[in-house]
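Chains as they are written, first to last, in my numbering: chain A, 21 to 244; chain B, 12 to 229.
All remarks here apply to the structure that follows.
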């Protein structure tokens with residue numbers, strides 16, 4: 021009997037090794053898998069590459085993970101925020117490599133990885149410094165830039181409900197990067213607020229089918 | 012702004028610029044409003060028009076901010092502030108959201124800017140200063156992906172330099188992408204024959220507008 025529901029966050033994260041590329045879902049706080057990130061901190065992993073839209077806020081979650089020195093590189097679209105002081109400090113002192121990616125390229129490069137696409141041409145970034153050194157092509161009179169897929173070893177995402185086959189539903193705009201990241205990682209771990217019996221999720225409402233999900237772990241809904 | 016004697020005109024307020032942009036957004040339009048000044052446009056869209064606001068994080072049919080106490084932090088806008096979903100609205104994941112933006116499905120995007128060139132090049136993501144931390148978000152996707160890119164900005168910097176320039180000195184967001192520029196002084200169309208003034212504030216002469224702007228205007 022297949023049961024992808026993991027007994028604990030520790031068990032879910034056990035295979036994550038030094039040097040791993042880790043996608044982390046969320047747009048700001050919405051969809052951020054806070055409990056999984058918190059579970060990663062005490063493992064003391066090193067040289068991680070993180071893929072996230074942002075680069076941490078305040079001193080919690082991703083910022084707290086970066087503060088421990090676990091992260092060598094971040095691939096993101098919008099690192100600078102009013103409260104991104106942890107990122108700012110690490111970046112300015114040269115302790116963190118930044119690959120800045122237009123947000124649509126971030127989403128599409130992740131999608132490409134999940135869909136087995138070796139790269140794609142996009143007009144986004146053409147003629148800008150973010151396209152420097154990249155292959156370009158004129159297609160039907162318009163300039164395009166070649167972008168490559170972003171694969172990951174792990175995806176840590178937040179969903180709403182999950183079953184033992186790994187089927188997931190999401191809540192409102194907390195969906196954001198979760199379903200796409202789940203397709204692009206060798207191991208995709210979803211934290212959910214509810215685990216339900218097989219058949220309890222309406223098949224019409226499943227956003228991530230279990231084929232993209234390795235492991236589901238239940239967390240308590242926080243008061244905040 | 013001009014150092015000349017008494018001004019013969021009153022610049023538009025930010026709300027008035029937003030109202031001017033809103034005039035040009037027709038019934039049925041799919042629209043993305045950028046972070047900052049452009050978000051004001053939402054307050055001026057005529058209530059009798061069905062206009063669909065898109066938010067890059069996966070919302071179509073975005074509504075206004077909720078009442079205090081009703082915030083749902085799973086429903087936020089690109090600026091990460093709480094918003095609402097209108098009846099008929101929808102949620103979707105990031106790749107679908109950016110397919111809407113990059114695939115030419117949005118009729119309009121309205122963006123802020125540091126500079127716009129007379130060819131319609133846009134600079135709005137990075138000052139290029141050596142100590143500045145760059146952040147691009149969805150700006151490059153919107154600028155090239157929407158059917159029409161509108162820019163909404165003050166005509167001049169606080170130091171009085173025109174933000175409409177022959178060539179952008181700041182790093183580009185996209186090349187030749189701007190269709191219209193809305194400022195506190197004028198509405199200007201970017202055409203293949205150059206910049207054309209659509210309208211300007213009362214009491215401002217064409218001669219003075221050209222002098223302030225520093226590039227040719229028709």
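Beta carbons: idealized from backbone N, C-alpha and C, even for Gly.
| Item | Value |
| --- | --- |
| Any C-beta of chain B under 8 Å from that of residue 225/A | no |
| CA nearest to the CA of residue 130/B, picked from 40/B, 156/B, 178/B | 178/B |
| For residue 43/A, the nearest candidate out of 163/A, 147/A, 112/A, 202/A (CA to CA) | 202/A |
| Cβ of residue 35/A within 8 Å of any chain B Cβ | no |
| Nearest-angstrom Cα separation, counted from residue 55/A out to residue 28/A | 11 Å |
| Cβ pair count under 8 Å reaching 3, the stretch 103-111 of chain B against the stretch 18-31 of chain B | no |
| Backbone CA spacing between residue 148/B and residue 45/B [nearest angstrom] | 10 Å |
| Buried versus exposed, by CB contacts within 10 Å (16 or more), residue 167/A | buried |
| Under 8 Å between C-beta atoms of residue 212/B and residue 196/B | yes |
| Against chain A: residues of the stretch 144-174 of chain B by CB proximity under 9 Å | 144, 145, 146, 147, 148, 149, 150, 151, 152, 153, 154, 155, 156 |
| Proximity test, Cβ basis, 8 Å: residue 135/B and chain A | no |
| Residues that residue 69/B contacts on chain A, provided the C-beta gap is smaller than 7 Å | 193, 195, 196 |
| Local conformation of residue 65/A per DSSP, three classes | coil |
| Entirely enclosed beta strand (DSSP E) segments - the stretch 14-93 of chain B, minimum 3 residues | 41-44, 63-66, 70-74 |
| Minimum C-alpha distance to residue 48/A - residue among 73/A, 89/A, 188/A | 73/A |
| Residue environment, residue 92/B, which counts as buried when at least 16 other CB atoms sit within 10 Å | exposed |
| Simplified DSSP state of residue 108/B, which is helix, strand or coil | helix |
| Opening and closing residue of the beta strand (DSSP E) in which residue 96/B lies | 95-102 |
| Best match in 236/A, 198/A, 125/A, 69/A for proximity to residue 86/A [C-alpha to C-alpha] | 69/A |
| Unbroken beta strand (DSSP E) run spanning residue 203/A, endpoints | Not the beta strand (DSSP E): residue 203/A falls in the alpha helix (DSSP H), residues 198-204. |
| Other residues of its chain near residue 226/B: CB distance less than 8 Å, five sequence neighbours each side excluded | 129, 173, 175, 176, 177, 206 |
| Inter-residue spacing [alpha-carbon to alpha-carbon] between residue 4/B and residue 237/A | No answer is possible for residue 4/B: it lies beyond the span of chain B, which begins at 12 and ends at 229. |
| Positions along the stretch 88-109 of chain A whose CB lies within less than 9 Å of some CB in chain B | 96, 97, 98, 99, 100, 101, 104, 107, 108 |
| Partner residues on chain A for residue 51/B, Cβ-Cβ distance less than 8 Å | The contacting residues do not exist; residue 51/B stays about 20 Å from chain A at best. |
| Touch test, the stretch 209-216 of chain A against the stretch 178-192 of chain A, Cβ-Cβ under 8 Å, three pairs minimum | yes |
| Inter-residue Cα distance where the pair is residue 126/A and residue 145/B | 16 Å |
| Neighbour list for residue 111/A in chain B, Cβ cutoff strictly below 9 Å | 144 |
| Nearest-angstrom Cβ-Cβ length linking residue 56/B and residue 65/B, presumed shorter than 8 Å | Not confirmed; about 13 Å, so no contact. |
| Residue from 217/B, 210/B, 188/B, 43/B with nearest C-alpha to residue 117/B | 43/B |
| Any C-beta of chain A under 8 Å from that of residue 41/B | no |
| Where the beta strand (DSSP E) through residue 191/B begins and ends | 189-193 |
| Residue 33/A vs residue 59/A beta-carbon contact at 8 Å | yes |
| Assigned exposure category for residue 123/A - 16 Cβ within 10 Å defines buried | buried |
| Where residue 82/A falls: helix, strand or coil (DSSP) | helix |
| Chain A residues whose Cβ lies nearer than 7 Å to that of residue 75/B | Residues of chain A passing the Cβ test: none, with the nearest at roughly 15 Å. |
| Residue 233/A versus residue 220/B: straight-line alpha-carbon distance, rounded | 59 Å |
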